[in-house]
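Heads up, the thing below is written out as structure tokens.
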Amino acid sequence: MAAPKLKMRLGDLLVHEHIISNEQLMQALSSQKSTGRKLGDALIELGYIGERQLLEFLAQQLGVPFLDISQRRIPAEVALLLPEVHARRLRALIIEDQGDSVLIGMSDPADLSGLDQLEQMLAPKQLKLAVVMESQLFDAFDGLYRRTADIESFASQLEEEYHQGNDFDLSSTFMEEGGDATVGKLLQSVFEDAVQMRASDVHIEPDEHLLRIRQRIDGVLQENVLKESKIASAMVLRLKLMAGLDISEKRLPQDGRFNLQINGHSIDVRMSTMPVQYGESVVMRLLDQSAGLLSLDETGMPEHFVQRIRHQISRPHGMVLVTGPTGSGKTTTLYAALSEMNQASKKIITVEDPVEYRLPRINQVQINSKIDLTFSSVLRTALRQDPDIIMVGEMRDQETVEIGLRGALTGHLVLSTLHTNDAITSALRLLDMGAAGFLVGSSLRAIIAQRLVRKVCENCRQNHQPSAQELMWLTNLVGEDVSELTFSQGRGCQTCQYTGYKGRIGVFELLEMDEAMMAALKRDDTEGFTQAAKQHPEFRPLALAAYDYARQGITSIEEVLRLVETVDVVG
Numbered sequence: 087m088a089a090p091k092l093k094m095r096l097g098d099l100l101v102h103e104h105i106i107s108n109e110q111l112m113q114a115l116s117s118q119k120s121t122g123r124k125l126g127d128a129l130i131e132l133g134y135i136g137e138r139q140l141l142e143f144l145a146q147q148l149g150v151p152f153l154d155i156s157q158r159r160i161p162a163e164v165a166l167l168l169p170e171v172h173a174r175r176l177r178a179l180i181i182e183d184q185g186d187s188v189l190i191g192m193s194d195p196a197d198l199s200g201l202d203q204l205e206q207m208l209a210p211k212q213l214k215l216a217v218v219m220e221s222q223l224f225d226a227f228d229g230l231y232r233r234t235a236d237i238e239s240f241a242s243q244l245e246e247e248y249h250q251g252n253d254f255d256l257s258s259t260f261m262e263e264g265g266d267a268t269v270g271k272l273l274q275s276v277f278e279d280a281v282q283m284r285a286s287d288v289h290i291e292p293d294e295h296l297l298r299i300r301q302r303i304d305g306v307l308q309e310n311v312l313k314e315s316k317i318a319s320a321m322v323l324r325l326k327l328m329a330g331l332d333i334s335e336k337r338l339p340q341d342g343r344f345n346l347q348i349n350g351h352s353i354d355v356r357m358s359t360m361p362v363q364y365g366e367s368v369v370m371r372l373l374d375q376s377a378g379l380l381s382l383d384e385t386g387m388p389e390h391f392v393q394r395i396r397h398q399i400s401r402p403h404g405m406v407l408v409t410g411p412t413g414s415g416k417t418t419t420l421y422a423a424l425s426e427m428n429q430a431s432k433k434i435i436t437v438e439d440p441v442e443y444r445l446p447r448i449n450q451v452q453i454n455s456k457i458d459l460t461f462s463s464v465l466r467t468a469l470r471q472d473p474d475i476i477m478v479g480e481m482r483d484q485e486t487v488e489i490g491l492r493g494a495l496t497g498h499l500v501l502s503t504l505h506t507n508d509a510i511t512s513a514l515r516l517l518d519m520g521a522a523g524f525l526v527g528s529s530l531r532a533i534i535a536q537r538l539v540r541k542v543c544e545n546c547r548q549n550h551q552p553s554a555q556e557l558m559w560l561t562n563l564v565g566e567d568v569s570e571l572t573f574s575q576g577r578g579c580q581t582c583q584y585t586g587y588k589g590r591i592g593v594f595e596l597l598e599m600d601e602a603m604m605a606a607l608k609r610d611d612t613e614g615f616t617q618a619a620k621q622h623p624e625f626r627p628l629a630l631a632a633y634d635y636a637r638q639g640i641t642s643i644e645e646v647l648r649l650v651e652t653v654d655v656v657g
């Protein structure tokens with residue numbers, strides 16, 4: 087195609103059409119010189135024009151269409167006609183293969199050099215140009231240029247190498263150069279795909295005739311099945327070597343960790359192995375160390391909620407608990423609180439299993455039960471280290487609970503976690519674990535309960551009319567008629583991989599102890615404590631907090647229902 091050209095320079099065109107002023111153009115040109123970015127990017131960054139408005143204007147001037155590809159299903163085999171490295175470099179994506187031509191979307195249609203390169207790479211096909219938002223391009227890149235094909239290719243190659251050697255005990259030939267290199271490439275592709283898809287966990291599960299590799303994305307597992315079941319032992323062996331585990335032990339579970347550099351991300355991998363019927367199952371939790379720690383303001387908590395938590399963690403002594411099931415974001419909240427308290431004037435000691443994030447100035451202790459370095463033994467020693475603040479990874483037994491409570495009673499601020507469903511049952515769990523009521527009532531200051539719910543994809547959000555059953559359930563939950571309210575759900579698009587959801591947000595409930603609650607705990611009156619907690623004017627249960635997000639269109643009724651299945655909904 088003949089590359090389209092603007093009749094005037096972009097800046098002059100925008101001024102001529104009264105979209106920006108001449109003064110704004112001068113400021114953008116000045117910013118462009120200092121940053122080296124393109125003029126359009128400078129205008130968008132300064133807030134003088136929106137990305138969509140700019141691209142629609144460019145498309146009109148060039149006589150080419152502007153396309154919204156977020157709602158468009160693009161076949162992966164079509165996108166792959168242009169290799170990923172070139173697609174990302176040129177900000178270009180093949181949207182349709184029309185036989186002797188291709189429809190290609192670009193975020194900078196005035197990039198004549200890029201167009202020339204695309205014509206050479208895609209010849210003899212003709213190019214038909216469309217303008218696409220850059221943010222939509224990157225979402226499409228992540229979804230279309232996945233490592234699935236690489237994973238299947240390396241898996242097939244690995245199995246073929248061992249078949250040629252007539253060796254089905256993969257472990258015995260694993261250290262040979264060829265097999266080692268191939269399994270390394272296979273695992274690299276697995277991790278690259280997981281990081282690209284924002285997976286929190288990777289599961290490797292051998293079955294009788296196949297191998298499942300599953301990723302937990304936004305809290306839900308997604309599965310990729312490989313027919314090469316025999317390569318599982320080679321993958322597990324390589325992972326054990328990376329984690330420093332005993333490669334000869336296949337009968338007992340093992341835990342380890344290692345670090346990877348994936349596409350500029352420093353990924354800390356926590357690995358657990360378990361013997362199953364057809365080999366060993368491996369689950370790996372991925373922690374992106376390069377992403378940095380969140381502050382309390384960045385956790386998604388409402389502003390008034392953050393202020394109440396800041397008040398609690400600014401107190402000189404007492405215990406603050408963060409509760410919820412595994413994977414509910416407890417560690418993120420604890421580390422956000424620690425980051426705010428991490429000052430030169432305070433001595434902070436943490437007792438963790440494992441240490442997930444390394445923090446400067448904070449004394450972090452890794453539990454090691456093999457040498458009797460337990461929560462209780464370390465906590466007892468930590469109290470003799472003149473700390474101001476102690477963070478205990480988890481209250482697991484009566485001894486740890488009692489030491490922590492006594493530490494909170496004797497002038498220390500103690501932070502910890504519990505695996506309970508909500509804030510009210512967390513206080514009662516301490517009593518069930520054998521802690522004396524007077525200790526719990528005197529030391530406990532606040533309990534934060536939390537969950538993570540999936541966010542409705544912004545690109546394909548649409549109004550949702552609740553069913554009769556949903557309306558009845560919502561009415562019972564909030565105690566009022568909700569039939570006139572509007573809710574949202576995702577239709578499914580390229581951006582969210584057709585799930586209707588993208589990303590997660592925390593749902594929180596905060597229970598702050600008052601005199602009535604503390605008095606009930608001191609006399610072991612669990613029913614009195616429960617009633618006092620539910621009657622506290624600032625207490626809002628998790629179910630209602632999730633409902634608030636659904637009312638705002640942030641999450642769906644489906645997600646609220648999923649959360650409520652695990653908590654007490656009585657307000």
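According to my numbering, the stretch in the sequence shown is residues 87 to 657, in order.
The beta carbon of each residue, even a glycine, is placed where N, CA and C say it ideally should be.
These numbers come from a predicted model, not from an experiment.
Assigned secondary structure, residue i (DSSP; H/G/I helix, E/B strand, else coil)
i    : result
F224 : helix
D127 : helix
V281 : helix
S512 : helix
L445 : coil
Q274 : helix
G523 : helix
D202 : helix
S258 : With a pLDDT of only 44 at S258, under 50, the local geometry of the prediction cannot be trusted, and no value is derived from it.
A196 : coil
A532 : strand
L243 : Note that residue 243 is Gln in the sequence shown here, rather than Leu. Note: Q243 maps to helix in three-state DSSP.
V656 : Below a pLDDT of 50, predicted positions are generally treated as unreliable, and V656, at 46, falls in that range; the measurement from the model is reported next regardless. Note: V656 maps to coil in three-state DSSP.
G265 : Note that G265 scores a pLDDT of 48, beneath 50, so its modelled location is shaky; the value from the coordinates is reported in the next line. Here G265 sits in helix by DSSP.
I105 : coil
L189 : strand
V322 : helix
Q471 : coil
Endpoints, the beta strand (DSSP E) within which residue i is located
i    : result
R466 : Segment F461 to A468 is the alpha helix (DSSP H) holding R466; no beta strand (DSSP E) there.
T368 : Before going further, note that residue 368 is Val rather than Thr in the sequence given. Where V368 is concerned, the enclosing beta strand (DSSP E) stretches over G365 to D374.
S502 : L499 to L504
T209 : Here residue 209 is Ala; the residue named in the question, Thr, does not match the sequence. No beta strand (DSSP E) holds A209; DSSP gives it neither H nor E.
E309 : V306 to L312
D98  : No beta strand (DSSP E) holds D98; the alpha helix (DSSP H) holding it covers L96 to H102.
L346 : Q340 to I348
V408 : G404 to T409
V182 : Note that residue 182 corresponds to Glu in the displayed sequence, not to Val. A178 to D183 is the extent of the beta strand (DSSP E) around E182.
Within 8 Å, strictly: CB atoms of residue i and residue j
i    : j    : result
L244 : V269 : yes
V322 : E366 : yes
E595 : A636 : no
S502 : E488 : no
R356 : P440 : yes
E645 : V478 : no
R138 : Q580 : no
L469 : G493 : yes
Q542 : T641 : The residue asked about is misnamed: residue 542 is Val in this sequence, not Gln. A contact, by the Cβ cut-off of 8 Å.
G191 : A216 : yes
A165 : L179 : yes
S117 : L132 : yes
L407 : S512 : yes
I475 : K432 : yes
R218 : L168 : It should be pointed out that residue 218 corresponds to Val in this sequence rather than to Arg. No.
V188 : L213 : yes
Counterpart residues of residue i in DSSP-defined beta bridges
i    : result
G330 : DSSP lists no partner for G330.
I290 : I299 and V368
R537 : V593
V362 : G365
First and last residue of the uninterrupted alpha helix (DSSP H) at residue i
i    : result
G493 : Q484 to L495
Q118 : N108 to T121
S425 : K416 to M427
I643 : I643 to V650
D683 : Given that the chain is displayed from residue 87 to residue 657, the structure contains no residue 683 and the question cannot be resolved.
T616 : T612 to K620
I399 : E389 to I399
Q59  : This structure leaves residue 59 out entirely; the chain is present only between 87 and 657.
A430 : Segment: none, A430 is in no alpha helix (DSSP H) and carries neither H nor E.
V478 : Careful: V478 lies outside any alpha helix (DSSP H), inside the beta strand (DSSP E) at I475 to V478.
A32  : Examination of residue 32 is not possible in this model, given that the chain is present from 87 through 657 alone.
Which runs of the beta strand (DSSP E) at least 3 residues long sit entirely within the stretch 540–604? Give them in chain order.
With a minimum length of 3 residues, the continuous beta strand (DSSP E) runs that stay inside the stretch 540–604 are 547–550, 573–576 and 587–598.
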